[in-house]
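These notes concern the structure reproduced below.
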Amino acid sequence: MRYKLLYFLILAGLIFLFVISLGNGIWDRHLDYSDWNYRVFYGICHQMQDRSFHIYDVPMAVNTRCFGIFSGLLAAWLMVPYLTNVTREKRWPGLLLSISVALQVIDYSAGQLSIWNSSNFSRFFLGIILGVALVCMIADQFNKK
Amino acid sequence: MEHSDSLYRDQPSSQDDNYWPSVLLVGGIFAFVGFIINIAFGYIQIGSEPTGSMFSPLMLSGVVVCLATCVGGLIAVWHFTKDVSPHLKLGKGALIGFFTGAIIAVFSAVLNELWLMVDPDYTQKLVESVVANIEAMDLPADTRDQMIDQMAAGLQDSTFIQQLFLGIPVTGLLNLLTGMLGVKLFAAKEEEVF
């Protein structure tokens with residue numbers, strides 16, 4: 001595998017992102033939106049409580065869709081050493097990314113237009129697909145030529 | 146002359162590696178556009194009657210700004226491959242993406258600070274409008290109070306340093322990933338040497 005330092009730096013970043021996105025529940029602390037781990041996501045996530053998973057009754061710092069994306073990114077990133085070969089010169093990662101982006105747009109638009117209201121779990125799984133698809137798309141760059 | 150330029154542009158060169166113009170241009174544009182959208186939707190929110198709807202103009206702007214912010218790295222790499230050199234390694238694409246995210250965070254913080262000089266009451270008016278909207282929602286009192294606390298905490302003024310400390314790591318990391326995606330999509334493929 002090439003770019004090992006880059007790989008491990010990003011892995012550390014994604015673990016950090018994943019852990020702080022869990023919110024205060026895992027630290028057995030009460031909810032406080034002025035805490036830094038909640039404020040850090042304020043600009044990129046609406047953080048609505050009824051659209052977030054809860055840990056010990058404390059909502060996570062991000063909603064289910066964002067948590068899905070971060071989980072998908074981290075899970076797939078751990079698989080990069082394997083994915084480098086599987087995705088090399090294949091077209092399916094591009095297709096998967098296109099489909100996952102389209103699914104996000106459709107699901108979000110449908111919610112906004114009140115066509116349907118997806119559940120937290122469906123948003124989570126759609127987020128996972130997007131995160132995994134993004135990593136699959138770039139994984140072959142780590143392949144040793 | 147034009148022919149020789151194009152020949153140079155197709156060759157990897159150590160002189161052709163200044164990525165800062167791409168980073169600053171794309172980062173600056175995305176920060177400015179994001180700021181304008183935020184401010185515009187913020188004033189729409191302030192000027193609107195409380196409807197009690199879960200989806201407010203402010204929330205819509207958040208989604209648009211989030212998407213726009215995350216693809217900055219991708220666009221910066223695209224700009225670099227078009228304007229500087231099509232030859233780009235993954236590490237440099239990641240760096241361009243991270244710096245673009247950092248510039249977006251820095252410029253956004255600067256623009257927010259400047260706007261508070263133009264309209265010092267902006268944040269207060271926005272908080273009042275959002276709280277009025279939440280109070281109009283048909284929700285249990287506990288939930289409503291929690292939402293008000295959340296909104297007030299999120300919207301309260303952060304210091305310039307806080308905005309940078311909170312903004313750069315996450316924005317940088319997400320743009321770093323899209324920067325690497327940009328390398329995959331836009332950079333010239335390395336030729337195999339057998």
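First to last, the sequence lines map onto chains W and A. One point on numbering: in the numbering used here, the residue at position 31 of the first sequence is 31, and numbering is uninterrupted. If you count the second sequence from 1, you need to add 145 to reach the numbering used here. Even for Gly, the Cβ is constructed at its ideal location relative to N, Cα and C. Bear in mind that the values here come from a model prediction, so they are computed numbers and not experimental data.
Neighbour list for residue i in chain W, Cβ cutoff strictly below 8 Å
{"i": "residue 325 of chain A", "result": "138, 141"}
Contacts of residue i in chain A (Cβ-Cβ under 7 Å)
{"i": "residue 72 of chain W", "result": "Ordered by position in chain A, no residue passes the 7 Å Cβ test against residue 72 of chain W, which lies about 12 Å from the chain."}
{"i": "residue 40 of chain W", "result": "311, 315"}
{"i": "residue 134 of chain W", "result": "322, 326"}
{"i": "residue 36 of chain W", "result": "311"}
Option in the options with minimal Cα separation from residue i
{"i": "residue 327 of chain A", "options": "A:258, A:304, A:224", "result": "A:224"}
{"i": "residue 255 of chain A", "options": "A:285, A:162, A:306", "result": "A:306"}
{"i": "residue 169 of chain A", "options": "A:268, A:322, A:317, A:248", "result": "A:248"}
{"i": "residue 240 of chain A", "options": "A:290, A:228, A:219", "result": "A:219"}
{"i": "residue 126 of chain W", "options": "W:112, W:103, W:144, W:140", "result": "W:103"}
{"i": "residue 310 of chain A", "options": "W:142, W:140, W:107, W:40", "result": "W:40"}
{"i": "residue 245 of chain A", "options": "A:319, A:182, A:188, A:297", "result": "A:319"}
{"i": "residue 19 of chain W", "options": "W:70, W:54, W:35", "result": "W:70"}
{"i": "residue 163 of chain A", "options": "A:258, A:293, A:231", "result": "A:231"}
{"i": "residue 138 of chain W", "options": "W:22, W:73, W:110", "result": "W:73"}
{"i": "residue 292 of chain A", "options": "W:108, W:85, W:65, W:50", "result": "W:50"}
{"i": "residue 21 of chain W", "options": "A:315, A:190, A:236", "result": "A:315"}
{"i": "residue 142 of chain W", "options": "A:260, A:286, A:236, A:297", "result": "A:236"}
{"i": "residue 317 of chain A", "options": "W:4, W:130, W:10, W:128", "result": "W:10"}
{"i": "residue 147 of chain W", "options": "W:88, W:84, W:78, W:31", "result": "Coverage of chain W is limited to positions 1 through 145, which leaves residue 147 of chain W absent and any answer about it impossible."}
{"i": "residue 173 of chain A", "options": "A:197, A:274, A:251, A:195", "result": "A:251"}
{"i": "residue 179 of chain A", "options": "A:266, A:217, A:333, A:290", "result": "A:217"}
Limits of the unbroken alpha helix (DSSP H) element including residue i
{"i": "residue 71 of chain W", "result": "64-78"}
{"i": "residue 176 of chain A", "result": "165-192"}
{"i": "residue 107 of chain W", "result": "92-112"}
{"i": "residue 98 of chain A", "result": "Missing from the structure shown is residue 98 of chain A; chain A here goes from 146 to 339 and no further."}
{"i": "residue 196 of chain A", "result": "Residue 196 of chain A -> no alpha helix (DSSP H), and no H or E assigned at all."}
{"i": "residue 20 of chain W", "result": "4-21"}
{"i": "residue 45 of chain W", "result": "Looking at the DSSP string, residue 45 of chain W is not in any alpha helix (DSSP H), and its letter there is neither H nor E."}
{"i": "residue 135 of chain W", "result": "120-139"}
{"i": "residue 33 of chain W", "result": "Neither: residue 33 of chain W is in no alpha helix (DSSP H) and is coded neither H nor E."}
{"i": "residue 277 of chain A", "result": "267-280"}
Those residues which DSSP pairs with residue i across a bridge
{"i": "residue 231 of chain A", "result": "None; residue 231 of chain A has no bridge partner."}
{"i": "residue 58 of chain W", "result": "W:55"}
Interface partners of residue i on chain W, CB under 7 Å
{"i": "residue 214 of chain A", "result": "44"}
{"i": "residue 217 of chain A", "result": "Under the 7 Å cutoff, chain W gives no residues; its nearest Cβ is about 12 Å from residue 217 of chain A."}
Within chain A, partners of residue i - CB distance below 8 Å
{"i": "residue 86 of chain W", "result": "Chain A residues near residue 86 of chain W: none, gap ~15 Å exceeds 8 Å."}
{"i": "residue 10 of chain W", "result": "239, 318, 321, 322"}
{"i": "residue 6 of chain W", "result": "235, 236, 239"}
{"i": "residue 13 of chain W", "result": "314, 318, 321"}
Neighbour list for residue i in chain W, Cβ cutoff strictly below 9 Å
{"i": "residue 210 of chain A", "result": "43, 44"}
Amino acids of chain A, ordered along the chain, whose beta-carbon sits closer than 9 Å to that of residue i
{"i": "residue 3 of chain W", "result": "234, 235, 236, 239"}
Exercise. Taking only beta carbons into account, state which residues of the stretch 266-295 of chain A come closer than 8 Å to chain W, listed in chain order.
Key: 288, 291, 292, 294, 295
Q: Give the residues from the stretch 224-241 of chain A that approach chain W closer than 8 Å (Cβ to any Cβ), ordered along the chain.
A: 235, 236, 239
Self-check item: Short-range partners of chain W found in the stretch 244-264 of chain A, where Cβ spacing is below 7 Å
Solution: none
query: Taking a cut of 7 Å between CB atoms, which residues from the stretch 17-28 of chain W lie near chain A?
result: 17
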